[in-house]
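Student: So that we are looking at the same thing, I have put the structure below in structure tokens.
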Amino acid sequence: MFWNNHNLIFLSAKSKFRMNAWKSCLSYICLLYFLVFHIDTSLAACNITCVNGYCDTGDECVCFTGWEGDNCDHCDGRVRLLESSGYIYESPENYKPNKKCSWLIDSQRFGTPIHLKLEEFGTECSWDHLYIYDGDSIYSPLVAALSGPVQYQEEDIRLQFTLTSGFAYLYFYSDAAYILDGFNISYSYLLVLTYLVPDYACIHLTFLTLSPRGSIGDCRSRNCSGNGICQTANFTCECFPGWSGDDCTIPDCPNNCTMGNCINGQCVCDNGYYGRDCNTETSEGLWEIQDQSTVFSRASAASVVIGDEVWLIGGYGFVKEDSMPVFKYNFTSGVSKSVPVTSSSGRLPLPRYAHSAVLYKERIIVYGGSIVDGAETSEIWLLNTITLSWLEVRFNHGEVEALQGHTAHVFNGSMLVFFGYSPTYDYVGWVQEYNILDHSWSILETKGFPALGAFGHSSVYSQEMQKVFVYGGYPFSRLGSLPGDPFYEFDLIEQKWSILPSAMQPRFLHSAVLIGHKMYVFGGNSHTDSNEYRGAQCYSNSFMIYDIDCNSWYEEDLSSGLDKDISRFGHQAVLYNDDMWLFGGYNGVMLNDVITYTTVNCSSLSNGSCELAGPGPTCMWDMDSEECIRFSEEEISYHNISFLECDPTESYGIKGIILVIFRSQTIQHVQTRAVVFHVVSCKGVDGVRVDVVRIAPMRTLCFFQDEFYTCNDLNCQFYKDCDECNRYPQCRFTDGRCSLMNPSVPPPSTFCGHPCSTSTSCSECVKNSNYCMWCESQNRCIDSQTYLTSFIYGTCLAWVTGRNGCNKIRCSDYEDCDMCLKDPACGWCGDVTGLGTCMEGSDAGPINVTSDDAVVDLTLCPSSLWYFTDCPLCLCNGHSICLDGETCSNCGDFTTGEQCESCIPGYHGTPLDGANCSACECNGHSEYCDPSSDESICYCDTRGIVGAQCDRCALQYYGDPTVNTCYSQLMINYIYTIGINSESEINITKTNLFAQPEHHNRDIIFTLTVYEAVNFSVSYITREFCKVEKEEIIIDNIYVESVFTHRFSRSTYDFSKSANTTFLFYISNFTTPFTYRIKIVQQPNFIAILASFMACVVFILTVFVVALKGREHFYRYRRRRQREVELVEMARRPFASIFLEIENNAPPDLIATTKFKPSTSVGLATEPLKDSKAALATIIMQLPLVDGEVPIGQSRITFATALVNQKSKKTDSHQPIPENREPPTPRETPRGQTQDERPNTARDIELTCDETSPDGEYAYDNPVVSMT
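Below you can see the structure in the form of structure tokens.
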């Protein structure tokens, strides 16, 4: 293996190989001796598997050039492959992110064919690429730019390459996003072996050409798959009849002609079937790969159909061109050719892709696109198809926007341009109009649904309906209420947008044609995975059909029997004779095949199969002529026909507000919360055609009502770019989004900053923006959100976003050989002193990149000093000399390494090309720093100390590391379990903590538990924390293996607040990861606690008793006071005395009363009510007596109260109302007299309280009541 890698010398080689023959012979012999006698001995004691290296000490791998990792299992840099066959892979496992790897297959004979085959390939789509060049550098012709899941899981795009230069250069680049399994590529070439005659001068050479068994071009490896004979002359397969292909794996009659017979190497199908394998029914469409390939190998071109020819203009290809090419393909003959074009101005349009082209009369109008290896353009060119002459249409600067990824159609003498990507306005949803007659340019004011801008969409124009249908595009939907592949309809007459049902299969760079009332969509890039592979296709072969009348999507399988996978994107599709023709495209390589899709031939179908043909209503049966004809709206109204109705299960149902659009253009706004299903009747009833109804969901978006309107409050959210947002007066871009302006707030500035595309250097590109990225190979600055659309076909070999990345983007930026050779574009020119220069180059020598064509220029560096895959043996960077010609001895200037390329521990810098190392400056908190950094970036060894020079304390740490150190606080009466195990703390060997007592009369108990042995110290201070000159040591650097406990007594240390005693704990001499546990408590005095508790109990009881007594005293006092108040109040009431005299001891119980002898009941008191019309009268009553005697212990009389009417007493209205209403004393009225001088008798007593005496006072009597 190593002999094949290093000692092939060709007699017929050019001077470069002959010049190195002498030193190569000697070095190869020495290397062989080393491998045989040294490596075999090392392998015997090897304890580790070294995939691409050898064991050095038994447990460490020494990697070969271009490999890295503990097992030397990841590519890193450049590898030269001299074996005649083998495999190329970046790693046996998943590849690493942010990698640049390259392989140079060197056959050591110019012109030797090298065969490559993809055995497995899976990378991140459109971001991680493998580039294959037919030559010895990236300046050689590009053959493939592979990306995505090509041969991975269910994807099976089989690719093989044959390179003819004698070299194959492969370059792999991965970014920082997600990764996949990577790739495995087998290679082989015809080997030329040289035999070394026994002449030490190594001059007499003989050679013999052999073919290694197992190579790709060697039929012996697969024995021609058992379907042919291996020819020994050139080791190629001679296939048996019925088979073809390099290894005889392609049958002439695939699947044994499922429904037919194989005749003369072709399938002859039975009636009702057709196709290459007779497995497709005539009621289905047919896919076929045409035998004739084209000279058109490119993608994202533009095309127009003129008669029986399709004109293909521009497009991206791997072959560099000076001007935009034009090709023609004849549909009938299958012949393609390049069209020679001229220009009256002498200036031809530059090659471009992702542009548009339309045909207007005899002129092809080409607009926009992206210049190959350049930026977007706004140019408009006219190609006269008769004179074949180009003419540029010029506009004022800024009048026409640069645009790419758009589509265009001609309508009423104007070219309408739909959507696209603008470097100024991002993805635009405009409809632009170019008036072909007066050469004016404008942006239409559209109505209806505010369509989102897109790149790489497809659009078809229906002349019958005068509508344009636009589907898909990138970016996939940016609004959650829309599907990822929005589908629009644009009415050219009313200039309004409508939203149509989505196919729910996002894609861009696909193709579409309109056949009848069906839109056929094929291929595209449907990659939607962002952080892991979920099955999204990078190159899709999905075939979908949209039925306009039924408003439904159908997905149709490809025809069986195709001899290769036709997955692709960036292809062109045109319509010819109701068939869809596909040209070119990209699936990692530029394709030049021609593929056709033949729609269902209705005329060949019978009545039984006519209505069932195709997806949805495709064919209908004419009952008059009894033949199957193609479904057509025009024919429904006058044919007696029958056909299949639209499948109601395919109907489009929504909920909520809906919009119903009738074919008659009447609009009905329906607002309901019921589920509305789209039921379409496609059948004519009594000769009257039923209008087709389409329903579009409102959701949260704006739709039309009875009259179209603009949703002012919702439109702004659709504009994601600042410049596009500010184009609309009612919108402003603030806080990273577009929103409606608030009239009460002053409008913000409309300046959006400079677009990324205006930056012309890497540093300018990334310095002021977090979303700009720089691509050095294209010398362009772009918005990172537009990467997929800016570099569709892997044209960016590597990109940077951070400021530091700009330091290593050119070959001249690298200062050492190893870093230089990791860049795929660079080589190393070294001198005899060990110093050198990195410059652009190939294996043959340095490249002069300033010339128009990259050519080898040995004047920049002689071939004897040029290194492309291996660095010079003596490369000491000026810090040592090579005593034996290879090994640097005693590296000086504080450097180390095999080439003195690194600084020794404790020093930092990049000692390449004579540069020096500087000592680390870490404020005593580390001895080491990043040895490769130009600044002192220390590896701080104490937790909590941060900063490039270990000069700051981290958050929640206290102290000053420039004077002392940093501490973490421990709270008393807590248990801490602390782990030091993060990747950023790998250098931590120390941690410091402190604690302060909370109580002055309690001891502190400290417990440390560790799981590995550490050194432990304790000290304390009694002044201001971290500002003392000396600490008092308590425990000095003891060795703790498991558990350590210590008591800090209050009698020994002053725990008072005034002392501010602080205990400092130092744990050191451990390795990360490290976990420890700390428990720190101040143990309480239980006797004092008990005494305090009893004192509290006694105190509480005392307080309770005192409170209870006080409460009782208070209540007694309050009752006493209340009684006194009541008595005083009672004393203030009017009162009088009544004297009662009982004369008869035994009166009769009842005394009869008559009119003339009224009752003489005595009224003791009268209490008038509020209105003075009634009163409560109290009288004395005699109780019934038994036998006329009063029972012993009882009373003879009682008091009774009744409600009585009160007579109104007339008084003199002029008499003044007495002010003093105090009743007179009973003594003021003569005894035995009432106020009206009437005698007071026991039977006739009347008391009135409202009468007054003549002097204005109340008159009360003091009668003596007598009872007889």
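Here the sequence shown stands for residues 1 to 1268, numbered as in the UniProt record's numbering. For every residue, glycine included, the Cβ atom is placed at its ideal position computed from N, Cα and C.
Do M519 and F583 count as a contact pair if the criterion is CB distance below 8 angstroms?
Tutor: Against the sequence shown, residue 583 aligns to sequence position 583. Against the sequence shown, residue 519 aligns to sequence position 519. Going by C-beta atoms, F583 is not nearer than 8 angstroms to M519.
Student: Where does the unbroken beta strand (DSSP E) through I782 begin, and where does it stop?
Tutor: Stepping through the sequence shown from its first residue, residue 782 is reached at position 782. Segment R780 to D783, the beta strand (DSSP E) holding I782.
Student: Once you ignore the five residues that flank E935 on each side, which residues in its own chain have a CB closer than 7 angstroms to its CB?
Tutor: Start at 1 with the first residue of the sequence shown, and residue 935 comes out as number 935. Spatial neighbours of E935 in its own chain (CB-CB distance under 7 angstroms, excluding positions within 5 residues in sequence) are listed in chain order as A948.
Student: In the structure shown, what three-state DSSP assignment does N255 receive?
Tutor: What you label residue 255 is simply residue 255 of the sequence shown in a count that begins at 1. DSSP places N255 in helix when its eight states are reduced to three.
Student: For R1123, does the three-state DSSP call read helix, strand or coil?
Tutor: Taking the sequence shown and counting its residues from 1, one reaches residue 1123 at position 1123. Helix, per DSSP.
Student: Specify, as a first and last residue, the run of the beta strand (DSSP E) that S1019 falls within.
Tutor: In the sequence shown, the residue the question calls residue 1019 occupies position 1019. S1019 -> beta strand (DSSP E) spans V1014 to I1021.
Student: My output table needs one value for R1116: the three-state DSSP class, helix, strand or coil.
Tutor: Your numbering for residue 1116 matches position 1116 in the sequence shown. DSSP places R1116 in helix when its eight states are reduced to three.
Student: Based on the DSSP output, what are the partners of M1130 in its beta bridges?
Tutor: Taking the first residue of the sequence shown as position 1, residue 1130 is located at position 1130. BP columns for M1130 are empty, so no partner.
Student: Closer than 7 angstroms by C-beta to N726: which residues in its own chain qualify, once you throw out the five before and the five after it? Chain order, please.
Tutor: What you label residue 726 is simply residue 726 of the sequence shown in a count that begins at 1. Result list for N726: R732, F733, T750 and C752, in chain order.
Student: Apply the 10 Å Cβ neighbour rule to M623 and answer buried if 16 or more other Cβ atoms are within range, or exposed otherwise.
Tutor: The sequence position of residue 623 within the sequence shown is 623, counting from 1. Result: exposed.
Student: Between C230 and C237, which are expected to be in contact by the criterion C-beta below 8 angstroms, what is the C-beta distance as a whole number of angstroms?
Tutor: Your numbering for residue 230 matches position 230 in the sequence shown. Your numbering for residue 237 matches position 237 in the sequence shown. Between C237 and C230 the Cβ distance is about 6 angstroms, and since that is below 8 angstroms, they are a contact.
Student: Is L835 near N877, with beta carbons less than 8 angstroms apart?
Tutor: Taking the sequence shown and counting its residues from 1, one reaches residue 835 at position 835. Taking the sequence shown and counting its residues from 1, one reaches residue 877 at position 877. It is a contact, given that the beta carbons lie within the stated cut-off.
Student: Would you kindly report the start and end of the unbroken beta strand (DSSP E) that includes K100?
Tutor: As a first step, residue 100 is located in the sequence shown; it is residue number 100 there, counting from the start. Its beta strand (DSSP E) spans residues K99 to D106.
Student: What does a CB cutoff of less than 7 angstroms around S1068 pick up in its chain, not counting 5 residues either side in sequence?
Tutor: As a working mapping, residue 1068 is identified with position 1068 in the sequence shown. Closer than 7 angstroms at Cβ, skipping near neighbours: T989, K990, V1014 and N1015.
Student: Tell me whether F1086 sits in a helix, a strand or coil according to DSSP, three-state version.
Tutor: Numbered from its first residue, the sequence shown carries residue 1086 at position 1086. Reduced to three states, the DSSP call for F1086 is helix.
Student: How long is the line joining the alpha carbons of T965 and S982, rounded to whole angstroms?
Tutor: Walking along the sequence shown from the start, residue 965 turns up at place 965. Walking along the sequence shown from the start, residue 982 turns up at place 982. When rounded, the distance between both Cα atoms is 21 angstroms.
Student: What would DSSP say about V800, mapped onto helix, strand or coil?
Tutor: For the purposes of this step, residue 800 is identified with residue 800 of the sequence shown, where counting begins at 1. Three-state DSSP puts V800 in a strand.
Student: Counting along the chain, where does the beta strand (DSSP E) carrying E764 start and finish?
Tutor: Translated into the one-based positions of the sequence shown, residue 764 becomes position 764. Element bounds for E764: not the beta strand (DSSP E) but the alpha helix (DSSP H), C762 to K767.
Student: Could you check if C917 is buried or exposed, using at least 16 other CB atoms within 10 Å of its CB as the buried criterion?
Tutor: Numbered from its first residue, the sequence shown carries residue 917 at position 917. Classification of C917: buried, given that the 10 Å Cβ count is 16 or more.
Student: Could you give the uninterrupted runs of the beta strand (DSSP E) lying entirely in the region 522–567, keeping only those of 3 residues or more?
Tutor: Taken in chain order, the unbroken stretches of beta strand (DSSP E) that lie wholly in the region 522–567 and span 3 residues or more are 543–547 and 552–555.
Student: For F1074, list the residues DSSP reports as bridge partners.
Tutor: In the sequence shown, the residue the question calls residue 1074 occupies position 1074. F1074 pairs with I980.
Student: For E445 and H406, what's the separation of their Cα atoms in angstroms?
Tutor: Counted from its first residue, the sequence shown places residue 445 at position 445. Counted from its first residue, the sequence shown places residue 406 at position 406. Their Cα atoms are separated by approximately 18 angstroms.
Student: Mind checking R1118: buried by the 16 CB within 10 Å criterion, or exposed?
Tutor: Within the sequence shown, numbered from 1, the residue matching residue 1118 stands at position 1118. When all chains shown are included, R1118 counts as exposed.
Student: How far does the alpha helix (DSSP H) with T789 in it extend, from its first residue to its last?
Tutor: For this step, residue 789 is matched to residue 789 along the sequence shown. Y787 to S790 is the extent of the alpha helix (DSSP H) around T789.
Student: Got a sec? Which residues, its chain only, sit under 8 angstroms from Q290 by beta carbon, not counting five neighbours each side?
Tutor: The residue labelled residue 290 in the question sits at position 290 within the sequence shown. Within the same chain, Q290 has close Cβ partners G334, D593, V594, I595 and T596.
Student: In the DSSP output, which residue or residues are listed as bridge partners for S442?
Tutor: Looking up residue 442 in the sequence shown gives position 442. BP columns for S442 point to E433.
Student: Hey, is the region 327–344 in contact with the region 370–380, meaning 3+ C-beta pairs nearer than 8 angstroms?
Tutor: no
Student: Step through the CB atoms of chain B and report whether any lies within less than 8 angstroms of the CB of F411.
Tutor: Going by chain labels, chain B is absent from the structure shown, which holds only one protein chain.
Student: If you run the structure through DSSP and keep just helix, strand and coil, what is N726?
Tutor: Residue numbering aside, residue 726 sits at position 726 when the sequence shown is read from its first letter. It is helical.
Student: Using the Cα positions of D960 and S842, report the straight-line distance between them to the nearest angstrom.
Tutor: Taking the sequence shown and counting its residues from 1, the one referred to as residue 960 is at position 960. Taking the sequence shown and counting its residues from 1, the one referred to as residue 842 is at position 842. Distance between the alpha carbons of D960 and S842: 55 angstroms.
Student: Under 8 angstroms, do N973 and D941 count as touching if we go by C-beta distance?
Tutor: What you label residue 973 is simply residue 973 of the sequence shown in a count that begins at 1. What you label residue 941 is simply residue 941 of the sequence shown in a count that begins at 1. No.
Student: Could you give the distance in angstroms between the alpha-carbon of H527 and the alpha-carbon of T162?
Tutor: As a first step, residue 527 is located in the sequence shown; it is residue number 527 there, counting from the start. As a first step, residue 162 is located in the sequence shown; it is residue number 162 there, counting from the start. Distance between the alpha carbons of H527 and T162 is about 29 angstroms.
Student: Do T282 and L605 have their beta-carbon atoms positioned less than 8 angstroms apart in this structure?
Tutor: Taking the first residue of the sequence shown as position 1, residue 605 is located at position 605. Taking the first residue of the sequence shown as position 1, residue 282 is located at position 282. Yes, the Cβ-Cβ distance between L605 and T282 is below 8 angstroms.
Student: Within 8 angstroms, do at least three Cβ pairs link the region 803–821 to the region 446–461?
Tutor: Two segments are said to touch when three or more pairs of C-beta atoms, one from each, lie closer than 8 angstroms; by this definition the region 446–461 does not touch the region 803–821.
Student: Using the C-alpha atoms, what's the distance from Y488 back to K361?
Tutor: Here residue 361 refers to the residue found at position 361 of the sequence shown. Here residue 488 refers to the residue found at position 488 of the sequence shown. Between K361 and Y488, the C-alpha separation is close to 28 angstroms.
Student: Is it the case that the region 111–120 contacts the region 774–790, given that we only count it when at least three CB pairs across the two stretches are under 8 angstroms?
Tutor: no
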